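Report on one structure; see the data block that follows.
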Amino acid sequence: MNENTRLIDLTVGQLQDLIYETVNRSIAKVNTNITSNEKKLVYGIDGIAELFGCSRTKANEIKQSGMIDKAVIQIGRKIVVDAELALKLTGGRK
């Protein structure tokens, strides 16, 4: 398989592999950009809950409220939060 291979000539497995590799490369680029800034990051609703010392339900409410939108990067289902910025945006409230 090369760049000139037509999509119609791919098997389902080859197409799945191609999509999987492309998505992983995109996520790796985002992760590289995020980690290159050397910020303290938390991941997902569980990370937000741990950061604010609250339940997952309350963490989801905090995220949905928009209070920490500037600190959140979300790609699909993956959630990455800049912990310091999130605390600053909420005034350190838990």
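According to our numbering, the residues represented by the sequence shown are 2 to 95, in order.
Backbone N, C-alpha and C fix where the C-beta goes; we use that ideal spot for every residue, glycine too.
Computed from a predicted model, the values in this text were never measured in an experiment.
Straight-line Cα distance separating residue j from residue i
i	j	result
GLY45	VAL82	8 Å
ILE76	ALA60	18 Å
GLY67	GLY92	14 Å
LEU90	LEU16	42 Å
ASP70	GLU22	29 Å
ARG57	ILE80	14 Å
GLY48	LYS64	11 Å
Assigned secondary structure, residue i (DSSP; H/G/I helix, E/B strand, else coil)
i	result
LEU11	coil
ILE46	helix
LYS41	coil
ILE76	strand
Contact set for residue i: own chain, Cβ-Cβ below 7 Å, skip 5 residues either direction
i	result
GLU85	LYS40, LYS41
Residue i at chain C interface by Cβ criterion, 7 Å
i	result
THR23	No chain C is present in this structure, which holds just one protein chain.
Residue closest to residue i, alpha-carbon to alpha-carbon, out of the options
i	options	result
LEU88	ALA50, LEU11, ASN3, GLN15	ALA50
LEU19	THR6, VAL31, LYS30	THR6
Same chain only: Cβ atoms within 6 Å of residue i, ignoring 5 sequence neighbours per side
i	result
VAL73	VAL82
Nonlocal neighbours in the same chain, by C-beta distance under 8 Å from residue i, ignoring five residues either side
i	result
MET2	LEU11, GLN15, LEU19
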